[in-house]
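Chemist: Numbering (my numbering), first residue to last: 4 to 467.
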Amino acid sequence: MSTIVTRFAPSPTGYLHIGGARTAIFNWLLARHFGGTFLLRIEDTDLQRSQSDMTQSILDAMAWLGLDHDGEITYQSQRFDLYNEYIDKMLETGHAYWCSCSPEEVEAMREQARQKGLKPKYSGRCREAGLGPGPGRVVRLKAPVTGATLVDDMVKGPVSIDNAELDDMVLRRGDGSPTYNLAVVVDDATMGVTHIIRGDDHLNNTPRQILIYKALGFDLPRFGHVPMILGPDKKKLSKRHGATAVMEYETEGFLPEAMLNGLVRLGWAHGDQEIFSREELVSLFTADNLGSSAAVFDKAKLMWLNAHYIKESPASRLAVLLNAFLERRGFNNLDLDYLARIVPLLQPRAQTMAEMAEKAECFVVADEALVYDMAAVKKFFTDDVRGHLAHLRELLAGLCCFNHASMEAAVAGYLEERELKFKLVAQPLRVAVTGATASPGLFETIEVLGRERALARLDRALSL
RNA sequence: GUCCCCAUCGUCUAGCCUGGUCCAGGACAUCGGCCUUUCACGCCGGUAACAGGGGUUCAAAUCCCCUUGGGGACGCCA
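#1: Please go through the same chain and pick out, in chain order, the residues whose beta-carbon is closer than 6 Å to the beta-carbon of L43, but skip the five residues on each side of it.
#2: Would you kindly check if the distance between the Cβ of P210 and the Cβ of V267 is under 8 Å?
#3: Inspect the beta-carbon positions of V436 and A457 and report whether they are closer than 8 Å.
#4: Label V148 either buried or exposed according to how many other C-beta atoms from any shown protein chain fall within 10 Å of its C-beta, with 16 as the threshold for buried.
#5: Just to confirm the assignment: which complete alpha helix (DSSP H) runs, minimum length 4, are found wholly within the region 158-240?
#6: For A2, which residues in the same chain have their Cβ closer than 8 Å to its Cβ, ignoring the five residues on either side in sequence?
#7: Who pairs with A248 in a beta bridge, going by DSSP?
#8: Tell me whether I278 is buried or exposed, calling it buried when 16 or more other Cβ atoms sit within 10 Å of its Cβ.
#9: Taking C-beta to C-beta, are L68 and W101 nearer than 8 Å?
#10: Below 8 Å, how does it come out for the region 77-93 and the region 114-132: are there three or more Cβ pairs, yes or no?
#11: Taking all protein chains shown into account, do 16 or more other C-beta atoms lie within 10 angstroms of the C-beta of F288, making it buried, or fewer, making it exposed?
#12: Return the chain-ordered list of same chain residues with a C-beta closer than 7 Å to the C-beta of P443, the five sequence neighbours on each side being excluded.
#13: Below 7 Å, is the gap between the Cβ of D203 and the nearest heavy atom of the ligand GDP?
#14: Helix, strand or coil for I61, going by three-state DSSP, please let me know.
#15: Which residues mark the beginning and the end of the alpha helix (DSSP H) in which V367 is found?
#16: Here's the rule I'm using: 16 or more other beta-carbon atoms within 10 Å means buried, otherwise exposed. How should C365 be labelled?
#17: Let me know the secondary structure DSSP gives I278 once reduced to three states.
#18: Could you give the distance in angstroms between the alpha-carbon of M4 and the alpha-carbon of M194?
#19: Give the DSSP bridge partners of C102, in chain order.
#20: Could you check where the beta strand (DSSP E) with T9 kicks off and where it finishes?
#21: Pick out whichever of R201, L418, P230 has its Cα sitting closest to the Cα of G390.
#22: Using a Cβ-Cβ cutoff of less than 8 Å, which residues in the same chain neighbour N87 once the five nearest sequence positions on both sides are dropped?
#23: Could you check whether Y18 and S60 sit closer than 8 Å to each other, using their CB atoms as the reference points?
#24: Between the Cα of P40 and the Cα atoms of T197, G256, L258, which residue gives the shortest distance?
#25: Comparing alpha-carbon positions, which option in L427, A27, R140, A34 lies nearest L62?
#26: From A261 to E420, what does the alpha carbon distance come to, in whole angstroms?
#27: So, with DSSP's three-state summary, where would you put F41?
#28: Exposed or buried, which one is N335 when buried takes at least 16 other CB atoms within 10 Å?
#29: Given this structure, state the Cα-to-Cα distance separating R113 from V249, to the nearest angstrom.
#30: Please determine, among Y183, V141, I164, R344, the residue with the shortest C-alpha to C-alpha distance to S105.
#31: Helix, strand or coil for E114 per DSSP?
#32: Using a 10 Å radius around the Cβ and a threshold of 16 neighbouring Cβ atoms, would you call Q54 buried or exposed?
#33: I'd like to know if the region 229-240 and the region 251-265 are in contact, where contact means that at least 3 CB-CB pairs between them fall below 8 Å.
#34: Quick one: residues in its chain with C-beta nearer than 6 Å to the C-beta of A218, no 5 flanking neighbours on either side, listed in chain order?
#35: Give me the residue from T355, L284, N166, V299 with the minimum Cα distance to E315.
#36: Are the CB atoms of N208 and N184 within a distance shorter than 8 Å?
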């Protein structure tokens, strides 16, 4: 039997954003789930607005998310001949005609319709004029004026639109280039695309495209229109809502699996399950569970997912990422093995890698450059406490095994002898060694820091 | 303006197709508590929703209609 073919068809006019990434994910999952093919097509027919570096950045973002495509990438800009071939075919079969109306004239027609409270459309003036080619002339689809066109949508269900609502759309521009609707249909049909999941905003376009499919005698694919992603104010997500480009999230320290998981849950669900591995998604995803109402993008939930995946990741992998984030903060030539020992202490404490890097700073900063929270120093370093700190410093210096268990035991013993509570020295020690009042477990921290650095910091703290 | 789509806690959603098991379940966020050497993690608990109105039915979150609200489309953009 025929296998599923899906596609993602971004236009290289900007970065891959949240919404585009989600439709890419849905199409990718549908293909992978059914063992089909996932194609990638760059819609760059608008030479003015398309930028080649944008194509690369879209590819990079997809690679980051792990959305691999099959076969070669199709570029619409290289298929103009093909489009023209089909336009000519429609001209021959009487499904299209030449029109000499200027854009201004058409705009006037629309304005007139608007005045009457009707839907603005082209009047069809040249429809029966029997015009031939000519400079500046466009080719229009000779669309049916009666009846209705039905879209049997995978997510919206049956959607019917009166053909009277549609006008004779332009297929070939005055400069000879094909329009979007024509190119999309020719591409999807010739590329063998069987299922198209795309944004809600294309739903109104679909009947028009179906008309072209019919005029060309192509089989119809299945369409699925997923709702738009909204900002917290329920308006279409845009830059003013903060980060919209997928790769901005990488910069902020999100893991690709968190992004994938988070995005797929916007408009798709599988019962009460929240966490999905890539493999699970592939095996569970079908268009059946796609929701039909718009979703607000909630960064807080993405944070939670990211924190979850950070906790799950092996330290060695995170160490590499942490290194990159620390480099951005000006720390170079760090030892990955050392970072891998810091990571476990920070895994439950960081929601993003950027946050982890921030918290890791006190581990990688030079002892003499460690910044102390002076308010804390003042609060905790009383004369009495300084005395204990000095003793503890000697105790740590003489410890046989420098690990947190023996450290803890030694300190406990010291305190017990004097009938003191651990609370008395816990925060002072923490401040002395990390400079701050909040940190991972005290002894784990000291262990990772190592004897030399811990003692150096204790000495420095005592001199403050 | 015209057409199309949508409507369950603040947010993501389950349930809706195949009415009763739902005085609506989960998750994030939030609030309280526990744990505790700080900060987190974790655990326990709380607040919180079927937009409104009409039908249909013994019974409606679930089916139908209307209203309202939101979104989208009406390009020689994609």
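Just so it is clear, CB atoms sit at the ideal spot from N, CA and C, and this is done for glycine as well.
Only a predicted model underlies this, so the values are computations on that prediction, with no experimental measurement involved.
Modeler: With the given structure in hand:
#1: F11, H72, I76
#2: Cβ distance not < 8 Å, so V267 and P210 don't count as in contact.
#3: It is a contact, given that the beta carbons lie within the stated cut-off.
#4: exposed
#5: 183-193, 209-219
#6: Since the first residue of the chain shown is 4 and the last is 467, residue 2 is not available in this structure.
#7: H20
#8: Exposed is the call here.
#9: no
#10: no
#11: Result: buried.
#12: Here the set comprises L348, L349, R352.
#13: This structure simply doesn't include the ligand GDP, nor any ligand for that matter.
#14: helix
#15: 356-367
#16: Under a 10 Å Cβ-count criterion, C365 is classified as buried, with 16 or more other Cβ atoms of the shown protein chains found around its own Cβ.
#17: The answer is coil: DSSP assigns I278 none of H, G, I, E or B.
#18: Per-residue confidence for M4 stands at a pLDDT of 46, beneath the threshold of 50, marking its modelled position as unreliable; no derived number is given.
#19: Bridge partners of C102: V141.
#20: 8-11
#21: Answer by Cα proximity: L418.
#22: Excluding five sequence positions before and after N87, the CB atoms of its chain that fall closer than 8 Å to its own CB belong to R175, G179, P181, given in chain order.
#23: Yes, the Cβ-Cβ distance between S60 and Y18 is below 8 Å.
#24: Going by the sequence as given, residue 40 is Thr instead of Pro. It is T197.
#25: Answer by Cα proximity: A27.
#26: If I take the Cα positions, the gap works out to 50 Å.
#27: strand
#28: Exposed: under 16 other Cβ atoms inside 10 Å.
#29: 38 Å
#30: V141
#31: helix
#32: Q54 is exposed by the Cβ-count criterion.
#33: Fewer than three beta-carbon pairs drawn from the region 229-240 and the region 251-265 are found closer than 8 Å, and the two stretches are therefore not classed as touching.
#34: M93, H98
#35: T355
#36: yes
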